[in-house]
Amino acid sequence: MPDFRHRHAVLPAHSAGTQIITFVLRPTMSYRAIELDVPSAWLGVLGASFALAPLLLAVPAGHAADRYGERRMAVAGALFLTAAAIAFTTIGHTVAGLVVAGILLGTGHLGSVIAQQALVANTTERGRHDTAFGHYTFAASLGQAAGPLLIAAFGGEGAIPDTGRIFAASCGLALLLLALSALLPNHPIGRTEADGGDLRTLLRLPGLGHALLTSCVVLAAVDITLAYLPALGTELGLTAGAVGLLLTLRGLASMISRFFLGRLARAVGRRRLLVVSTLGAAAGMLLTPVPMPLWLLAALLVVVGFGLGVGQPLTMSWLAESAPEGMRGRAMSLRLVGNRTGQLVIPGAAGLVAAGLGAGGVLLVAALSLGWAGVAARRLPVDPRKGFDP
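So the sequence shown is numbered by our numbering: it starts at 1493 and just counts up by one.
Written out as structure tokens, the structure reads:
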């Protein structure tokens, strides 16, 4: 019981802190690139740098979380996030420096979220994972909403915020996260149990491909919004403060959908909720590049955020309840491999689109991808243990 209370006191703060750092640094990286007159096509490359190293490290990190426990993995992640903030501050005045800092940021984010997700999966009783992961990702959405507020605070009325001040403030936030990491509980499985299964066990789970596809496309859509909404804002003549507000509204809408996820899943059904939310986000993103009043654009971002908030926790819950004991860290990491693959491929392809169609064309491609994922989610089979409902 003390561990349970301790987890619920520290984990939400750790989750929110990780996302605050990530969601302030990634859009600020785009603004710094704009300051450096980097072509729009390169914004996708910079976004993909976030996924490069974690794509290779996700499964070993999940294995390490299973064997050594969540706290050690969280501390390692916080150290990489601190290194990323320092790198943005010191060498972020060149494209190469931004790429290096982006890789460090992605690696730190990976270690932190694997630790958090394994902790939720290992300490939640079966049948309550929808609610548990909904509340966990609610805290993450809180951080995603709060992070862009720093951009609005530093941005003022200018089109480009003071990126140097934001990078410097992120260093302090990363050090606070490091202190929080040391307070997380630890549940190491041990060498024998952690080595008792392999990835083939997970890959044989029914419906795994459809779940990973949905998770991958939804997260890529979030990333494209982060990377290209600032660029779209400059094309439409919006201030940095207005763009920061739009990103905050998107995060708040995701936070609301995740807080009530358990109730929504019970009322609507898992698979139906996943399909409807993904298609709704696709429709909202499809209309985002169309010139319109700011209040209407804000309303669309609320629809997009609400829909995008559902896909991640539902796929986490499904994996946590389907994965064998002692392999939940690796199950979470396998989902992250799919996510990182999408983050590596989709923003890079989006950069090629931006070269010809601009930021609006990128958001159009992201909307079509979401629609495809929403239709594909209808084919998710029923899992033998709990699964998606018909």
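All C-beta atoms, glycine included, are put in the ideal place defined by N, C-alpha and C.
| Query | Result |
| --- | --- |
| Which two residues bound the contiguous alpha helix (DSSP H) that contains L1528? | No alpha helix (DSSP H) holds L1528; DSSP gives it neither H nor E. |
| Alpha carbons only, please: which of A1674, A1745, I1595 and T1510 is nearest the one belonging to V1537? | I1595 |
| With DSSP run on the structure shown, which of helix, strand or coil describes P1552? | helix |
| As a quick exercise: from L1800, G1850 and G1853, pick the residue whose alpha carbon is nearest that of L1744. | L1800 |
| Tell whether a beta-carbon distance below 7 Å holds between T1623 and G1754. | yes |
| Between the beta-carbon of G1600 and the beta-carbon of F1572, is there less than 7 Å? | yes |
| So, with DSSP's three-state summary, where would you put G1743? | helix |
| What's the C-alpha gap between T1770 and L1789? | 19 Å |
| Helix, strand or coil for V1782 per DSSP? | coil |
| Starting from the C-beta of F1798, find all residues in its chain whose C-beta is less than 8 Å away, skip the five residues before and the five after it, and write them out in chain order. | A1745, S1746, I1748, S1749, S1769, G1772 and A1773 |
| Between which two residues does the alpha helix (DSSP H) carrying G1598 extend? | V1587 to T1615 |
| How many Å lie between A1868 and V1710 at the Cα? | 13 Å |
| Measuring alpha carbon to alpha carbon, tell me which of A1638, I1526 and M1808 ends up nearest H1441. | No statement about residue 1441 is possible, as the shown extent of the chain runs from 1493 to 1882 and does not include it. |
| Let's see if you can read the secondary structure: which residues bound the alpha helix (DSSP H) around R1758? | L1753 to V1760 |
| Can you grab the Cα-Cα spacing for the pair A1703 / R1764, in whole Å? | 13 Å |
| Going by beta-carbon coordinates alone, are A1579 and V1592 separated by less than 7 Å? | yes |
| With DSSP as the reference, label L1634 as helix, strand or coil. | helix |
| Can you look up P1546 in the DSSP assignment and give me helix, strand or coil? | helix |
| Return helix, strand or coil for D1715, following the three-state DSSP convention. | helix |
| With L1669 and T1780 assumed to form a contact (beta carbons below 8 Å), what rounded beta-carbon distance in angstroms separates them? | So it is not a contact: roughly 31 Å between Cβ atoms. |
| In the DSSP assignment, the alpha helix (DSSP H) including A1897 goes from what residue to what residue? | As displayed, the chain neither begins before 1493 nor continues past 1882, which places residue 1897 out of reach and without an answer. |
| Measuring CA to CA, which of V1502, G1863, L1724 and L1517 is closest to D1654? | L1517 |
| Can you check which of these residues, L1675, L1642, L1676 and G1834, is closest to A1660 by C-alpha distance? | L1642 |
| Round the Cβ separation of A1671 and L1737 to the nearest angstrom and send it over; I've been treating them as touching at under 8 Å. | 30 Å between Cβ atoms; not a contact. |
| Alpha carbon to alpha carbon, how far is A1505 from A1570? | 13 Å |
| Which residues in the same chain as R1832 place their Cβ atom closer than 7 Å to its Cβ, once the five residues preceding and following it in sequence are excluded? | A1543, P1546, L1547 and A1550 |
| Report the residue from A1851, R1870, L1828 and S1861 whose alpha carbon sits nearest the alpha carbon of P1552. | L1828 |
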